[in-house]
Amino acid sequence: MSALGTIVRSGVGRRRVQTVVIGLVVMIAVTAAVLGGSLMVASSAPFDRAFTQQHGAHLTAQFDAGMATAAQLSATATAAGVTAAAGPFPMASITPVAPSGRALRPIMVVGRADPGGAVDSVSVTDGRWVEGPGEIVVHVDGRLPGALQPRVGDVLSLSELPGAPTVTVVGTARSVSQTAGGWVMPEQVAALTPTGVVEGYQMLYRFASAATTADVDAGRANVLASLPAGALAGSQSWLTTRANSAGQTVLFVPFLIAFGVLGVLMAVLIIGNVIAGAVGTGTRRIGILKALGFTPHQVVRAYTVQALVPAAVGAGLGVVAGNILIMPVLAQTNELYGTADSGVTPWVNAVVLAGALAVVMLTAGVAASRAGRLRTVDVLAVGRTPGPGRGHLAARLTSWLPLPRPVTLGLAHPFARILRSATIVAAIAFGVAAATFAVGLGVSLNQVQATERHGDVVIQPGRPQGGPPPGGGSGGGPGRVAGPPEAPDPTAVVAAILAQPGTSGYAGIAPTEVTVAGITAPVDAIAFTGSNSSYGYRMVSGRWFSQPGEIVVATPFLAATGTTIGDTVVLTHHGHPITVRIVGEAFNVESRGMQLLMAAETLAASDPNLRAMEYTITLTPGTDVNSYLKELNAALSSVDATAMLPDDDTAEFILVINALTALLTLMLVTVAALGVLNMVVLETRERVHDLGVHKALGMTPRQVVAMVVASVIVTGLIGGAIGVPVGVLLQRWIVAEMGDATGFQLPASVIDIYLPTDLVLFGLGGLLIAIAGALLPAGWAARTRTAAALRTE
Amino acid sequence: MNQPVIELTDVSRRYEAGPPALDGVSLTIAAGEAVAILGPSGSGKSTLLNLIAGLDRPSEGTVTVSGVRVDELGEAGSARYRRAKIGMVFQFFNLLDDLTVVDNVMLPAQLAGTTRAAAHRRAAELLATLGIERHARAYPGRLSGGERQRVAVARALMNRPALLLADEPTGALDSASGEDVQRLLTQLHGEGQTIVLVTHDLALAESCATRTIQLVDGRVSTDTALEPTR
């Protein structure tokens, strides 16, 4: 082994704490980077990636079975410009009723015996593909609340069909091309039509050129050229599907970038400090090496390699850990994005690994360069403890504090090494900022979720089929509803609600659609009755409606119509024009922010029969919900309605972000604590002789621990004080970015989520990180043998 | 003879390699004695001092100081023992560079729980006695070697120890400063302080000590009572 190798090996072996700290810090940073990098890749253009993975259809076309035969349609697969085709698949429209009794939206079911193929290779996300009659696979949309999605095992009623057949959900699947709402076996499609005859076919095409609307139009024209005129019943371009695919997919990016930057900065800071500390405490060793003939370049190289060895091991372990941890997270993002990512993209591993080692080399090289510059004669004569003049004032001031002397001695230590203390402060501040940010982000997201809860109890149309009404839980269970729901009698429902002890307020919800001048598609509208319509809605600006003719809207509506609060817009409802004034902007993500909220009286003239379909009820504090439900259901026995708990499923993407946030925060806090540990080890090593003196003078082990722990109190408090505002600013920035990315202005309840007591607790978190990092070296210091410490030069 | 302050019985101290640093040493030192431990490098002088101070433990044998079985004390116990019974003076002073002279001197009392005011009174008294009160607010780095050793002695006497241990107290001093410290130790012994002194310096031993113990290869070679020279 070369002389340099010997020096490196002995350095790595002797400086075990630094070696372990570098290894752990790099491992955690690399793990976080692999997670973050993979998720950034997963979040980047998810539609395009999923489209490629599934061989998505550039054109989804529906044909009238009466106008074109299956053979004619099959022949279109060879039309000019078509590179692949699938179909013809028989199709039918059904309106299933969920087990809860809720009528689902009409969906198009397609008869496909196989989910794979050259076009639109559908991903089965749960359960299995259909194998026989009476089975259905439904398309899932990860952006919908779980409660609104049928699940495997659900029995869906098709009550509008003769004989009211049922189909059992055997699987859920996703087609990025959104070619169907559900899939059944081809032979079953005819049975799902009112006439018993297949009325339409679906064909899926991929074209050689499909980058522009003109390309897709040209491809469609080529397909239709060989078919009878009027055969095409409808078609959808993949460009339209892609344009509509935006949504929460962009929510991840700002927060991942924030965590990635924090992680990298912390890794650089701590690795730099570890090496600088190794140089600082190893000056005598450096002097000896130089006296023996090592060149400055060799010394720098020795100390750089000394860091690279554990860093390489840590980076390797970090890549492995990142690849393992990403699996469950990718499963979630696959659900969300419709992608089929099975692991970390190889280039992410390569870039993270190379980047981490480059950062370590650069940081260590810069820190070690001081070793090269030190003059041999100086370093051989260097003292052990900080030179005179450093921290004297602090030592003098703290000695007057009415605290035990070991504590006041410790409190003065940070002032002897201002630069090193500043780096400890920075490490703690990073950890506190990460924790503050993460918790704040979680609260913000949960506040977003809370805006979707509009009552403690909901009444939905329909009665359970057999068995008692639910006395608790959200209800459900197979075969609860016989027919499609109708709006329950409002007089009876309201009377039952108001007569029920524990009722605090209620709102009746009548969903409908209106058209708005300047917007081509119909816009969802909710017409409210009752006293409590605003419950759960968070106002961004303006106020809630208070009289007919006033509406409350969300940011995307204002953006789409170019209106502001105070403007009037003309709605058309059942052919009647209604002029309304926008009086408030609420945070309302329903219908992607294109939902209008108003009093039922606003639409009374255009639809006198508009009735509330659902009711939300708020309870007075202390009311037992289960008893309330039981009694209300008894009171509703003569009405076609059921009271139940609102579905409280947390949206998938919030769960993903919460889980990631917790993981990344834990990592950053651990890295911060490791940074403190390393610094305190350095301090302890440098002060080991003084420690021996203290012990010789009668300092007990407990007093030693108190002194060492006290030495990080000031830095912990300062780090906490700096980290909290940074974390708060980061939270506000990232949450605002998330809002901007999705086109919503967020209410104060989502942004201003910190209470003064929270901030104090987060600030004290800095102290906690500092103490956690100092405890281990404090224990070592307490166990140091006095005689050996006194001999230390 | 006065009550024994120190009793060592068949004390040996072995390290992992090499011959024992101390090998079956038994000795007794009475209150008021000033004993100089002499011997060449590696003879076991400092090991003996460390065992008496509770800084190290014997491999065999017992060490009793002022009735306390030092060899049986744990870390915390030996720290409290040093606070209460021992004052130590080192060759290289071992003053804490970031504390003023008076803060250095006060430290043992403060570690024992004495209030700052009470510790300050005692420290001021000691600094005045030792003639270095003008340096109370100075930092050790600004003092001469002799002055630093006087500060170290003041610190050692802070808790009124039964026993003053001095490890080569003049070893790092020029001859003038060494004579200064020599006079100080002689004065302290004259005031009744029990002193155990490890030194190479025969002149120091003869001027301060009432008894010399010569160690060779970890064993007591000679144990000689001296006639007082003062």
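Line by line, the protein sequences are chains H and X.
For the first sequence, our numbering assigns the number 128 to the initial residue and increments by one for each residue that follows.
For the second sequence, our numbering assigns the number -2 to the initial residue and increments by one for each residue that follows.
Ideal Cβ positions, reconstructed from N, Cα and C, are used throughout, including at glycine.
- Not one beta carbon of chain X lies nearer than 7 Å to the beta carbon of threonine 747 of chain H.
- Partner residues in the beta bridge of valine 65 of chain X, as assigned by DSSP, are X:Val62.
- Neighbours of leucine 19 of chain X across chain H, judged by C-beta separation under 7 Å, do not exist; the nearest C-beta is about 13 Å away.
- Histidine 424 of chain H sits exposed, since fewer than 16 C-beta atoms from the chains shown fall within 10 Å of its C-beta.
- When the Cα atoms are used, arginine 239 of chain H and proline 223 of chain H turn out to be separated by approximately 19 Å.
- Cβ atoms of valine 251 of chain H and glycine 298 of chain H come within 8 Å of each other, at about 5 Å.
- Taking alanine 731 of chain H as the centre and dropping the five residues before and after it, the same chain places the C-beta of Pro675 and Leu737 closer than 8 Å to its C-beta, in chain order.
- No residue range can be given for leucine 92 of chain X, since it is assigned to no alpha helix (DSSP H) and is classified by DSSP as neither H nor E.
- Annotation: Cβ neighbours of glycine 825 of chain H in chain X (cutoff 7 Å, chain order): Ala76, Arg77, Arg79, Arg80, Pro105, Leu108 and Ala109.
- Looking at the backbone, the Cα of arginine 216 of chain X and that of isoleucine 49 of chain X are separated by about 16 Å.
- Judged by DSSP secondary structure, arginine 216 of chain X falls within the beta strand (DSSP E) whose first and last residues are 216 to 222.
- Residue ranges of uninterrupted beta strand (DSSP E) with 3 or more members, entirely inside the segment 314 to 344 of chain H and ordered along the chain, are 327 to 334.
- In the DSSP annotation of this structure, serine 23 of chain X is not part of any alpha helix (DSSP H); the continuous beta strand (DSSP E) holding it starts and ends at 19 to 27.
- Within the DSSP bridge table, the entry for proline 638 of chain H names H:Ile653 as partners.
- Where tryptophan 474 of chain H is concerned, the enclosing alpha helix (DSSP H) starts and stops at 473 to 500.
- Assigned with DSSP and collapsed to three states, arginine 10 of chain X falls in strand.
- Separation of leucine 895 of chain H and phenylalanine 178 of chain H (C-alpha to C-alpha, rounded to the nearest whole angstrom) is 48 Å.
- Unbroken beta strand (DSSP E) stretches of 3 residues or longer found wholly inside the segment 205 to 288 of chain H: 209 to 221, 234 to 238, 250 to 254, 262 to 266 and 282 to 284, given in chain order.
- In the DSSP assignment, aspartate 191 of chain H is bridged to H:Gly327.
- Within the DSSP secondary-structure output, isoleucine 34 of chain X pairs in a beta bridge with X:Val195 and X:Ile210.
- Residue contact with chain X for arginine 532 of chain H: present (Cβ-Cβ distance below 7 Å to some residue of chain X).
- Neighbours of alanine 28 of chain X in chain H, taken as residues whose beta carbon is under 9 Å from its own, are absent, since the nearest beta carbon is some 21 Å off.
- The alpha-carbon of alanine 554 of chain H is positioned some 32 Å away from that of leucine 873 of chain H.
- Interface residue (Cβ-Cβ distance to chain H less than 7 Å): glutamate 165 of chain X is not classified as such.
- Of the other Cβ atoms in all chains shown, fewer than 16 fall within 10 Å of the Cβ of isoleucine 451 of chain H; this residue is therefore exposed.
- DSSP places histidine 519 of chain H inside the alpha helix (DSSP H), whose first and last residues are 519 to 526.
- Leucine 93 of chain X reaches chain H at Asp817 and Val820, counting residues in chain order whose Cβ is nearer than 7 Å.
- Aspartate 100 of chain X belongs to the set of residues whose beta carbon lies under 7 Å from a beta carbon in chain H.
- Cα atoms of leucine 201 of chain X and glutamate 30 of chain X: separation of roughly 15 Å, rounded to the nearest angstrom.
- Considering only H:Val796, H:Val249 and H:Ala491, the residue with the shortest C-alpha distance to valine 303 of chain H is H:Val249.
- Residues of chain H whose Cβ lies closer than 7 Å to the Cβ of glutamate 130 of chain X do not exist; the shortest such Cβ separation is about 18 Å.
- Minimum Cα-Cα distance from leucine 790 of chain H among the listed residues H:Ala868, H:Gly558 and H:Asn760 corresponds to H:Gly558.
- In this structure, DSSP gives leucine 186 of chain H an extended state, which the three-state scheme calls strand.
- Going by beta carbons, glycine 346 of chain H and leucine 186 of chain H fall inside the 7 Å limit.
- The beta carbons of tyrosine 633 of chain H and isoleucine 705 of chain H sit no closer together than 7 Å.
- A direct Cα-Cα distance of roughly 29 Å separates glycine 802 of chain H from tryptophan 474 of chain H.
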